[in-house]
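The next block holds one structure in the form of structure tokens; read it before the comments.
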Amino acid sequence: MVGTAAGVGDLARNAAAGAADLVGAAAASKAVRRAGGGLGIAGAVVAAGLIAERRATRRARALPDVPEDLRPGPLAGRATTVVATDGVPLHVVESDGRAGGRRWAPATPTLVFAHGFCNTADSWCFQQRELADLGPMVFYDQRAHGRSGPSEVARCTIDQLADDLFAVLTARVTSGPVVLVGHSMGGMTILGLAERHPELFEERVVAVALLSTSAGDLARVTFGLPVGVTAAVRRVLPGLAVGMRHAPPLLERARRRGSDLAYSITRRVGFGTTDVPPSVVEFLEGEIANTPIPVIGSFLPTLLDHDKLAAAAVLRNVPTLLMVGDHDLMTPLPHSRTLADALPEAELAVEEGAGHALPLERPDAVNERVRALIGRAHPARRVRPAWPWQRASERPGPDRSDTGRPDTGRSDTDRSDAR
């Protein structure tokens, strides 16, 4: 996969050039001249852009992929169910890396993973595969996501998600130290847990990783759109959220999982400049497509309105990792910097060129950082190999402090801020 990043960049540039040619041709056509005025030209521009986008996307999807056994997929382990406080069944997968019947040492932490919005526990598949030697692992689907049960709209809140995490801990991690790892909405869930159960962070939680997480103020996020467009989107979001809760079947079908448009949007919003294999993009696209539109509409208000910055103070004495990509459109870098200001002892790791889906886009970097985090709270473990779409010269070795970075043009200087 070496060199794919440059190839994708070339595709994008070629698409833009192709779009310009198509626009020029369309503007000179008789049909546009007959349409007259700006409306016809605007339509030609839109059509040309869509054609160029489709061409670029199809070429990107045809790029070489990684072998089947290295692609993302379902978690392995024992499936169980935990019932939330309001009766919603939460799907849980438990696994551990013990071999030969050996027992974990009493001080070995249990790693508990909370996934993000429109994802499932399967989005942690790369972490399960490569961090299994650290200790037992617990993954679960957030309510109304994946294989967990549906939820009342009134219960689709960060506070309820925090209660769900507490229920999982109470039922499946009854003793011993715990490491909490959350991505996006999962990180918000952990902050909610800190607010509602601060005693856990004094007695049992020995380390926390917050990936692509915001403590609040998401209503101001621009999603990479122009200011004027963003302002218009903010005005319609409340009504849109309500409408999405009553989405007709036709709207669900209109999402067309597997379409070039769905792939393109997922690639742009979920990832940065990394040469992500097509199977990884398609995996995330499938998770998003399998999240019902009413569920998306039900959670939007709490994501936009929540404020858990004060809860971050609970983590001040807990080794904490804050990790974010500088191309993240959903929870941009300033949101992690705000958390870092509230947690001066936390490590802020900024991944150059990475987008929002860090566990999938930069699995090796995430695994390395989580492993180091646990090492600060527990004896250090050996470093694991890099994923195959990362440069051979930068794959992790036992004596390197900054390794496993993908071929994105990133400099040799570690951009993380140790706080």
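In terms of full-length UniProt numbering, the sequence shown has 26 at position 26, counting the first letter as 1, and numbering is strictly consecutive.
We treat Cβ as the ideally placed atom computed from N, Cα and C, and that holds for glycine.
| Item | Value |
| --- | --- |
| Which runs of the beta strand (DSSP E) fall wholly inside the stretch 281-340 and span at least 3 residues, in chain order? | 320-325 |
| Measure the alpha-carbon distance for E285 versus V206 and round it to whole angstroms. | 34 Å |
| So residue 423 packs on T157, CB below 8 Å; how close in whole Å? | The structure shown does not extend to residue 423, since the chain is modelled only from 1 through 419, so no value can be given for it. |
| Measure from the alpha carbon of P294 to the alpha carbon of each residue in A209, R337 and H145, then state which is nearest. | H145 |
| What does G216 pair with, by DSSP beta-bridge criteria? | D307 |
| Could you work out which residue in A215, R371 and E287 is closest to F117 when comparing CA atoms only? | E287 |
| Pull up the distance between the alpha-carbon of A312 and that of G270, whole angstroms please. | 26 Å |
| Report the CB separation of V93 from F139 in whole angstroms; it is logged as a contact under 8 Å. | 5 Å |
| Between the stretch 335-345 and the stretch 154-173, do at least 3 Cβ pairs fall closer than 8 Å? | no |
| Determine contact between the stretch 343-361 and the stretch 316-332, defined as no fewer than three beta-carbon pairs at a distance below 8 Å. | yes |
| Does the beta carbon of G216 come closer than 8 Å to any beta carbon on chain B? | Absence of chain B from the displayed structure is noted, only one protein chain being present. |
| Just to confirm before moving on: does the CB-CB distance between H335 and S214 stay below 8 Å? | yes |
| Which one of T80, N367, V181 and E152 has the shortest CA to CA distance from V297? | Note that residue 297 is Gly in the sequence shown here, rather than Val. Answer by Cα proximity: E152. |
| Given the structure, does V208 come close to the ligand ATP, in the sense that its CB is under 7 Å from one of the ligand's heavy atoms? | This structure lacks the ligand ATP, and indeed carries no ligand of any kind. |
| Cβ atoms of R61 and P278: under 8 Å apart, would you say? | yes |
| I'd like the ranges of any beta strand (DSSP E) spanning at least 3 consecutive residues and lying wholly in the stretch 101-185. | 110-114, 137-140 and 178-183 |
| With 16 as the cutoff for other CB atoms within 10 Å, does R155 come out buried or exposed? | buried |
| Can you say whether V280 is buried or exposed, counting buried as having 16 or more other CB atoms within 10 angstroms of its CB? | buried |
| Check the C-beta distance from T110 over to V178 and give it rounded, since I have them as a contact under 8 Å. | 5 Å |
| Determine, using beta carbons only, whether residue 423 and M137 come nearer to each other than 8 Å. | Because the chain in this structure spans residues 1 to 419, residue 423 falls outside the shown range and cannot be described. |
| So, helix, strand or coil for L210, using DSSP? | strand |
| For T85, name the three-state secondary structure that DSSP assigns. | coil |
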